[in-house]
Each structure stands twice: as structure tokens, then as C-alpha cells.
Amino acid sequence: MSYKKVTVLGETIYPGESITLNMEIARLHTMTRLKVPIIIERSKYDGPVVLLTAGLHGDEINGTEIVRQIIVRKINKPKRGTIICIPVINIFGFVNKSREFPDGRDLNRMFPGSARGSLASRFAWHLIKEVMPSVDYCIDFHAGGASRFNAAQIRIVPNNPELKELSDVFNAPFTLYSKNIAGSFRNACGKLGVKILLFEGGKSMDIDKDITQEGVRGTKRFLEHLDMLNPKKEVKPADKPSVYIERSGWVRANYSGLFQNHTPVGKLVEKGEPIATITDPFGKFEHLVKAPNAGYIINSNDASIVYQGDAIFHISQKLAE
Numbered sequence: 001m002s003y004k005k006v007t008v009l010g011e012t013i014y015p016g017e018s019i020t021l022n023m024e025i026a027r028l029h030t031m032t033r034l035k036v037p038i039i040i041e042r043s044k045y046d047g048p049v050v051l052l053t054a055g056l057h058g059d060e061i062n063g064t065e066i067v068r069q070i071i072v073r074k075i076n077k078p079k080r081g082t083i084i085c086i087p088v089i090n091i092f093g094f095v096n097k098s099r100e101f102p103d104g105r106d107l108n109r110m111f112p113g114s115a116r117g118s119l120a121s122r123f124a125w126h127l128i129k130e131v132m133p134s135v136d137y138c139i140d141f142h143a144g145g146a147s148r149f150n151a152a153q154i155r156i157v158p159n160n161p162e163l164k165e166l167s168d169v170f171n172a173p174f175t176l177y178s179k180n181i182a183g184s185f186r187n188a189c190g191k192l193g194v195k196i197l198l199f200e201g202g203k204s205m206d207i208d209k210d211i212t213q214e215g216v217r218g219t220k221r222f223l224e225h226l227d228m229l230n231p232k233k234e235v236k237p238a239d240k241p242s243v244y245i246e247r248s249g250w251v252r253a254n255y256s257g258l259f260q261n262h263t264p265v266g267k268l269v270e271k272g273e274p275i276a277t278i279t280d281p282f283g284k285f286e287h288l289v290k291a292p293n294a295g296y297i298i299n300s301n302d303a304s305i306v307y308q309g310d311a312i313f314h315i316s317q318k319l320a321e
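Note that the numbering used here gives residue 102 to position 102 of the sequence shown, counting from 1, and the numbers run on in steps of one.
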């Protein structure tokens with residue numbers, strides 16, 4: 001019987017093998033080694049290769065917690081096929097509690113990268129060349145940045161029936177249609193033919209239990225759909241179908257001041273509904289923020305102080321039919 005060849009970092013992973021490989025591209029400026037663990041579980045039975053990644057932005061640790069739980073709960077031990085887990089890709093940012101690499105670049109704008117480019121570009125290049133060739137499917141876990149809390153959501157490109165089916169299976173509370181961004185990991189995966197779901201949930205430097213559960217449960221449904229989930233693991237169906245969003249827009253602060261958010265993320269609001277208040281510290285004014293249109297709050301700002309022009313809410317504008 002012929003088996004699919006699975007190679008990571010130049011090493012072949014054989015059926016029934018469990019292995020952790022370390023990707024080391026560069027050291028800290030102190031000469032301390034800094035390695036990116038890649039945890040691989042391959043079943044004795046042939047099947048797809050699924051990659052679960054997090055920490056592309058070093059401060060988005062909720063995704064790291066989702067992948068960590070998948071490993072600890074042995075959800076990554078497949079019935080068939082191979083599951084590759086990389087809980088922290090941007091290990092430099094993770095160490096520094098920073099979104100970017102030490103060179104100031106956003107790794108998620110550097111793909112497919114270059115072997116002779118910047119540090120972030122080199123990391124992107126090694127990931128594409130040494131990990132991705134064996135991968136069939138990927139779920140990339142992210143969180144909101146700059147104190148902005150994302151409702152649990154999947155993002156896929158429009159007009160792709162295969163990704164739509166996989167998103168239906170994952171069944172996050174929301175699914176957003178969004179085009180791939182040049183230089184992004186998602187865009188690079190698409191060009192390689194890897195079917196990728198991008199998960200967003202929570203905010204930077206924070207771990208939210210509900211978001212974590214959404215990520216883990218959705219991944220289990222995803223693996224069950226591919227007939228890869230270990231039979232010992234139970235799958236909990238989602239409470240209701242995902243809400244598909246075709247278009248959305250940001251609400252920005254018209255004033256600087258103290259920000260009091262009255263509206264939980266995920267809520268359906270009506271046009272003109274009060275959703276927050278901005279006040280000054282000295283009791284001179286209170287500005288009521290109203291929803292510009294009816295829609296779901298899919299992201300809200302958790303900051304206590306905002307400046308004029310800051311993004312404070314992300315609201316759906318058109319639901320997909």
C-alpha cells in the first residue's frame with residue numbers, strides 16, 4: 001500500500017509516528033537559541049494533512065491557547081492522516097509580547113518571503129518552503145489587535161464553494177467574506193492550493209474561555225468532517241448556523257475621551273440604537289455613539305480611553321443570502 005509522503009523541515013514523517021521538530025531561523029541578539037516547536041502526529045492510516053497555526057502575530061495569544069488545548073486534550077492525534085500544530089509561529093513577537101518581528105515588520109504581510117530578505121521575510125520563506133508543501137488544509141488562529149475584541153468568526157474568500165463547505169462545518173458564530181490580502185499567509189496558502197480557514201476571536205494579550213471553546217469545538221467538527229477525529233473525542237454541534245456577512249464597516253470615534261462601551265460583541269443592533277458613550281474627564285460633555293445601521297457587532301473596542309478617529313465598533317452591513 002502506498003502512503004502519502006509527509007515531509008517537514010526536510011524530515012519524513014512515517015505512518016504512526018509522533019514527533020516534535022524545532023524550526024530555528026535566527027537567534028536572539030544575546031546569542032540565545034530561539035526555536036519554533038512543530039508538533040506532528042501521524043496516524044497509521046493514510047489521509048489528509050491538516051495544519052493548525054497560531055501566533056503569527058506574537059501578541060495574539062488566544063489562538064495559541066486554542067492550539068495548546070487541542071494538543072493537551074489529544075485532539076491532535078488523528079484517526080487517519082496527519083495533524084501538524086504550530087502554537088506560536090512568531091516566537092520573537094511572543095517573547096517580546098509584540099505583534100511584529102524585531103525588525104518591525106508584520107509577518108502576515110511578508111509571504112511568501114525570501115531566503116535572503118529581512119528576518120520576518122526569512123521566517124515566511126522557511127514556513128512556505130519547509131512546512132507547507134505537505135499540507136492539504138489549514139486553520140490559522142488570530143485575535144483582534146489594539147484592545148479590539150473580535151467575536152468568534154471565520155474568514156474566507158468569496159465565491160469558493162469548498163471553503164464555504166468547510167466554514168459551514170466549523171460553524172463559528174459568524175463567517176465573514178473577505179478577499180485575501182497581498183503578502184498574507186492566507187493569500188500564500190491559497191496560491192499553493194491549501195484550503196485555509198482564518199479564525200478570529202478575542203483580543204491581543206488576552207485569553208477568553210468562550211473564544212477558546214469556539215475554536216476547539218469548531219476544529220473538532222472540522223476534523224470529524226475529514227474523518228480524522230479520534231473516535232474517543234465527542235463533537236458538540238453548534239447552537240445555530242453561522243451568520244454569513246458579505247459586507248461590514250467600522251464606526252470611529254468622533255471625539256477623544258473616556259470610552260464607555262454599552263454593547264456586547266455579537267449583539268444584533270438597530271439603526272440609531274445607542275451603543276456607547278464618550279465623555280471628557282471633567283464633566284463637560286457626554287457624546288452618545290449610535291449604530292449607523294442595523295447589524296451585528298462583530299468587533300468592539302475594550303479600551304477605556306479613545307482618540308478621535310479610533311475604530312470603536314465593527315458592524316455588519318449586509319448579510320450573505
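Even for Gly, the Cβ is constructed at its ideal location relative to N, Cα and C.
Who are residue i's beta bridge partners in DSSP?
i	result
E286	T279
E41	S18 and I83
E200	H142 and Q153
W250	H314
V324	It is not possible to answer for residue 324, since the shown part of the chain is limited to 1 through 321.
N261	A276
Y244	T175
Y3	Answer by DSSP bridge pairing: none, since Y3 is not bridged.
N301	R148
Can you confirm whether residue i, when its beta carbon is compared against all beta carbons of chain C, has any partner nearer than 9 Å?
i	result
F185	Looking for chain C here will not work: only one protein chain is present.
Please tell me whether residue i and residue j are closer than 9 Å, where the distance is taken between their beta carbons.
i	j	result
I201	D140	Note that residue 201 is Gly in the sequence shown here, rather than Ile. Going by C-beta atoms, G201 is not nearer than 9 Å to D140.
K97	N150	no
A303	A146	yes
S43	M228	yes
F322	I61	No answer is possible for residue 322: the residues shown for the chain start at 1 and end at 321.
K267	Y296	yes
R122	G58	no
I70	I40	no
Run the CB neighbour count on residue i, radius 10 Å, all protein chains shown included, and call it buried at 16 or more, exposed below.
i	result
K195	buried
K191	exposed
M23	buried
T212	buried
N159	exposed
H142	buried
A182	exposed
S114	exposed
Could you give the distance in angstroms between the alpha-carbon of residue i and the alpha-carbon of residue j?
i	j	result
L21	I38	5 Å
G10	F185	21 Å
E290	D168	The sequence shown places Lys at residue 290, not Glu. Each residue's alpha carbon lies about 32 Å from the other.
N293	S248	10 Å
Y307	K284	17 Å
Y255	I278	7 Å
L56	A120	11 Å
Q260	A276	6 Å
M132	H126	9 Å
N180	E65	25 Å
P15	A172	32 Å
F199	D103	26 Å
S344	K271	Look at the range of the chain in this structure, 1 to 321, and you will see that residue 344 is not part of it.
N187	R109	10 Å
L163	F222	11 Å
V129	G309	In the sequence on display, residue 129 carries Lys and not Val. C-alpha separation (whole angstroms): 40 Å.
L226	D210	25 Å
E17	K74	14 Å
I89	I305	31 Å
A320	I156	13 Å
Y137	D46	15 Å
C189	V243	25 Å
With a cut-off of 8 Å on the beta carbons, I'd call residue i and residue j a contact; round off their distance for me.
i	j	result
F174	I245	6 Å
T219	L52	7 Å
S300	V265	5 Å
V36	I86	7 Å
K77	N230	5 Å
I25	I19	Not a contact, Cβ separation roughly 19 Å.
Mind checking whether the beta-carbon of residue i lies closer than 8 Å to any heavy atom of the ligand ADP?
i	result
K240	Looking at this structure, you won't find the ligand ADP or any other ligand, since it has none at all.
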